[in-house]
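Trainee: Pasting a structure below so you can have a look.
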Amino acid sequence: MNRLRYRKIIHSYILIFGSFFLDEVVRHPNYDLVYTLDDNYGYFNCAMNLNLGKDSVDDEIQKIEKYFKIRQKSPSISVEQSSRPDNLEALLLKRGYINDPSENVVLWTKSLPGKDVVYNDKVKFSIAYDFGAFQDYLYVANEAWSDIFDYTHYASSLSKLFTKVYDGVTSMHIVGYVDDNIVCSSTLALYLDMAHLVNISVLPDFRRQGIGSEMIKYASGEALKKKASEIYICIDEKDEPGSGLLNKLGFDPEIKQTIFTKKP
Amino acid sequence: MNLTRLEARKVIRFNNLLWRCSFYDELLTLPCYEMCFVLNTDAKFMNCAMNFDLDSKEELLNEIPNIEGYFKKRRKPSSIYLSGFDAPEKIENEISTLGYKEIKDEEAIFWGLEYGSLKNRDLNVEGLDIKECRTEDEFAEYLIAASLGYSDFDYTPYASSLSKLFKTHIDGVTQLHFAGYVDDKPVASGSMGICFDTAIWINAAVVPEYRRKGINTRMMLHAITEANKLGADKFYFCTDVDNYGSIGSGKKLGFEEVIRQKMFSKEG
Numbered sequence: 060m061n062r063l064r065y066r067k068i069i070h071s072y073i074l075i076f077g078s079f080f081l082d083e084v085v086r087h088p089n090y091d092l093v094y095t096l097d098d099n100y101g102y103f104n105c106a107m108n109l110n111l112g113k114d115s116v117d118d119e120i121q122k123i124e125k126y127f128k129i130r131q132k133s134p135s136i137s138v139e140q141s142s143r144p145d146n147l148e149a150l151l152l153k154r155g156y157i158n159d160p161s162e163n164v165v166l167w168t169k170s171l172p173g174k175d176v177v178y179n180d181k182v183k184f185s186i187a188y189d190f191g192a193f194q195d196y197l198y199v200a201n202e203a204w205s206d207i208f209d210y211t212h213y214a215s216s217l218s219k220l221f222t223k224v225y226d227g228v229t230s231m232h233i234v235g236y237v238d239d240n241i242v243c244s245s246t247l248a249l250y251l252d253m254a255h256l257v258n259i260s261v262l263p264d265f266r267r268q269g270i271g272s273e274m275i276k277y278a279s280g281e282a283l284k285k286k287a288s289e290i291y292i293c294i295d296e297k298d299e300p301g302s303g304l305l306n307k308l309g310f311d312p313e314i315k316q317t318i319f320t321k322k323p
Numbered sequence: 144m145n146l147t148r149l150e151a152r153k154v155i156r157f158n159n160l161l162w163r164c165s166f167y168d169e170l171l172t173l174p175c176y177e178m179c180f181v182l183n184t185d186a187k188f189m190n191c192a193m194n195f196d197l198d199s200k201e202e203l204l205n206e207i208p209n210i211e212g213y214f215k216k217r218r219k220p221s222s223i224y225l226s227g228f229d230a231p232e233k234i235e236n237e238i239s240t241l242g243y244k245e246i247k248d249e250e251a252i253f254w255g256l257e258y259g260s261l262k263n264r265d266l267n268v269e270g271l272d273i274k275e276c277r278t279e280d281e282f283a284e285y286l287i288a289a290s291l292g293y294s295d296f297d298y299t300p301y302a303s304s305l306s307k308l309f310k311t312h313i314d315g316v317t318q319l320h321f322a323g324y325v326d327d328k329p330v331a332s333g334s335m336g337i338c339f340d341t342a343i344w345i346n347a348a349v350v351p352e353y354r355r356k357g358i359n360t361r362m363m364l365h366a367i368t369e370a371n372k373l374g375a376d377k378f379y380f381c382t383d384v385d386n387y388g389s390i391g392s393g394k395k396l397g398f399e400e401v402i403r404q405k406m407f408s409k410e411g
């Protein structure tokens, strides 16, 4: 485990999520704080990427708890392999924090160039550079998630993705077409040499046809063109189909984020 | 006032976030350092990497090419700002072997104060009226004071930066902008950025003919009092080592040197 590499990956992922779902990202030098008004998901309301000395951890946890108390959320802290101090998990359990395994996520990583960045032409991909083309992206993202959860809260967040950007983040919004029909979308976001593929959406009628795989391969190729050295995809730990797909595409499960929440 | 390494890193990070609201064109935050870039100036403290928190010399040596690549693309020399709190220790020695040389002119000092140690709380300057700028029109007067207050150098490239200060928001930073008036004329300006319990005073300017009257000190005192009402109890500002006017104002209120930053640059 390379702690510095892990910390950079997590920080860049947060900056990218800060462009849409998150309402606040506070970039503290030794951890990041994220907050989302319309969601109580711990992953969107937590401190993560902690790098603290044993002498400062208690003070900082108190500050984190105060931050979430003001925002009327249960304080949550994400623990990763790279978190410091090393006994953070035990310390949180001792302070009354509990882990809901359904909130755990895993960042899968793959070095570029991978062996399968070549993609076939079953799906025609393009990058939505203008706001008109981005409407196709929004359409797919909305439709593709409709059978999983109510996307209403997030509609404006996705639109924000096109207009809000953090220094250093380059976002490329991918739209895929089959026979001129829009079928899938995702966002490839680069920060220095790191590439994240987020918000992967495939319309329900077009699933189980390898379209998601093709999109990941296409995104990997685009990331390589932009000189990224690695690409990352974050999924729920329990997402077995997703894990199977990423495994097949040469990704490795590398960073596990375990969310600990202190319920009132 | 003794800072821990964590506190020093927070002060530098928060100061950078605040500067991103005005002068910086870019601020890249990484967990282990940050990089700032400004198109319209070659001042190295505005185009450098700083606030290092790396575990080893090897990590540092791996990061240097990334920093140099970043500034090369932006056509600036690679510069590194170091404080005594940076890790790993002896970074200075490591980078000097890579061709970096100290640029004395860019040395700067952060001054710090805990609210409990604030001195001269009853300080007053007759005829000075201080207002917080909350509207565009009020802020226009701040801009006038800032522009005239910096008239001893060419402020032109920064005019839009100051205007940006009123509109740019960075998560976690609350900004208060103050203008000082004498006979209804804006003669001084300054902004206080508040990040949790930490407040940083930036962009202090006094119109030349109104200097040496305690106006900057009174402006700082007012800003400290207002920031304290919002929860800040630690206060900082940063100056060049030879900015005796600002240093004098700070000392009068009880500020002490807490962080010294030295600039190292690799030309060409």
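Residue numbers (my numbering), protein chains in the order written: chain A, 60 to 323; chain B, 144 to 411. The beta carbon of each residue, even a glycine, is placed where N, CA and C say it ideally should be. Only a predicted model underlies this, so the values are computations on that prediction, with no experimental measurement involved.
Which same chain residues end up closer than 7 Å to A/C105 when comparing Cβ atoms and leaving out the 5 residues on each side of it in sequence?
Mentor: V93, S135, I136, S137, I318
Trainee: So which residues on chain B does A/G155 lean against when the C-beta distance must stay under 9 Å?
Mentor: What A/G155 touches in chain B: nothing, since even the nearest Cβ is about 23 Å away.
Trainee: Which residues does DSSP pair with A/S170 in a beta bridge?
Mentor: A/E289
Trainee: From A/S170 to A/L251, what does the alpha carbon distance come to, in whole angstroms?
Mentor: 15 Å
Trainee: What would DSSP say about A/M231, mapped onto helix, strand or coil?
Mentor: strand
Trainee: Quick one, which of A/G301, A/R267, A/N201 has its alpha-carbon nearest A/I292's?
Mentor: Of the residues A/G301, A/R267, A/N201, the one whose Cα lies closest to the Cα of A/I292 is A/G301.
Trainee: Pull up the distance between the alpha-carbon of A/M60 and that of A/S141, whole angstroms please.
Mentor: 8 Å
Trainee: Closer than 8 Å between beta carbons: that is the criterion. Which residues of the segment 172-190 of chain B meet it against chain A?
Mentor: T172, L173, P174, C175
Trainee: Need the endpoints of the alpha helix (DSSP H) that B/F282 sits in, please.
Mentor: 279-292
Trainee: Quick one: which chain B residues come within Cβ less than 7 Å of A/N104?
Mentor: By Cβ distance, chain B contributes nothing, its closest Cβ being about 14 Å from A/N104, past 7 Å.
Trainee: Whose C-beta lies closer than 6 Å to the C-beta of A/K315 among residues of the same chain, with five residues either side of it excluded?
Mentor: V165
Trainee: Strictly under 7 Å for the Cβ-Cβ distance: is A/E148 near chain B by that measure?
Mentor: no
Trainee: Among residues of its own chain, excluding the 5 on either side of A/R62, which ones have a beta-carbon nearer than 7 Å to its beta-carbon?
Mentor: S141
Trainee: Please report the straight-line C-alpha distance between A/L74 and A/V228, rounded to a whole angstrom.
Mentor: Rounded to the nearest angstrom, the two C-alpha atoms are 8 Å apart.
Trainee: Can you check the segment 97-168 of chain A for any alpha helix (DSSP H) of at least 4 residues that lies completely inside it and give the ranges in chain order?
Mentor: 116-129, 147-153
Trainee: Mind checking the segment 238-265 of chain A against chain B and listing, in chain order, the residues whose C-beta falls within less than 9 Å of any C-beta there?
Mentor: Y250, L251, D252
Trainee: Between the alpha carbons of B/E177 and A/N258, how many angstroms are there, rounded?
Mentor: 27 Å
Trainee: Please list, in chain order, all residues of the same chain as A/M274 whose beta carbon is under 6 Å from its beta carbon, the five residues on each side excluded.
Mentor: Correct list, in chain order: G235, C243, S245.
Trainee: Quick one: which residues of the segment 301-320 of chain B get their C-beta closer than 8 Å to a C-beta of chain A? List them in chain order.
Mentor: D314, G315
Trainee: According to DSSP, is A/S78 part of a helix, a strand, or is it coil?
Mentor: coil
Trainee: Is it the case that the CB of B/L256 approaches a heavy atom of the ligand ZN more closely than 6 Å?
Mentor: This structure lacks the ligand ZN; in fact it carries no ligand of any kind.
Trainee: Within the same chain, show all residues whose beta-carbon is closer than 7 Å to that of B/F166, passing over the 5 residues directly before and after it, in chain order.
Mentor: V181, M189, Y301, S304
Trainee: Against B/K153, what residues of chain A qualify as contacts under a CB-to-CB distance less than 9 Å, listed in chain order?
Mentor: H87, P88, N89
Trainee: Strictly under 7 Å for the Cβ-Cβ distance: is A/G227 near chain B by that measure?
Mentor: yes
Trainee: Using 7 Å as the limit for Cβ to Cβ distance, is B/L204 near chain A?
Mentor: no
Trainee: Buried or exposed: which applies to A/S205, given that a residue is buried once 16 or more other Cβ atoms fall within 10 Å of its Cβ?
Mentor: A/S205 should be labelled exposed.
Trainee: How would you list, in chain order, the residues of chain A whose beta-carbon sits under 9 Å from the beta-carbon of B/T196?
Mentor: First, the residue type needs correcting, since residue 196 of chain B is Asp and not Thr in the sequence shown. Within chain A, the residues placing a beta-carbon under 9 Å from that of B/D196 are P88, N89, N110, ordered along the chain.
Trainee: State the Cα-Cα distance for the pair B/L271 and B/G374, rounded to the nearest angstrom.
Mentor: 26 Å
Trainee: Going residue by residue through the segment 192-237 of chain B, where are the continuous alpha helix (DSSP H) segments of at least 4 residues, counting only ones entirely within it?
Mentor: 200-216
Trainee: Taking one C-beta from the segment 158-172 of chain B and one from the segment 184-194 of chain A each time, how about it: are there three or more such pairs within less than 8 Å?
Mentor: no
Trainee: Near B/G357, what residues of its chain come up, given a Cβ to Cβ distance below 6 Å and the 5 sequence neighbours on each side ignored?
Mentor: V268
Trainee: Got a sec: is the Cβ-Cβ distance from B/E169 to anything in chain A below 7 Å?
Mentor: yes
Trainee: Between B/E275, B/V401, B/C276, B/K405, which lies nearest to B/T147 when the distance is taken from Cα to Cα?
Mentor: Comparing Cα-Cα distances from B/T147 to each of B/E275, B/V401, B/C276, B/K405, the minimum goes to B/V401.
Trainee: Apart from the five residues just before and just after B/A186, which ones in its own chain have a Cβ nearer than 8 Å to its Cβ?
Mentor: E249
Trainee: Does the beta-carbon of B/P329 have 16 or more other beta-carbons within 10 angstroms, so that it is buried, or is it exposed?
Mentor: Within 10 angstroms of the beta-carbon of B/P329 lie 16 or more other beta-carbons, which makes it buried.
Trainee: Give a yes or no on whether 7 Å exceeds the smallest Cβ distance from A/L63 to chain B.
Mentor: yes
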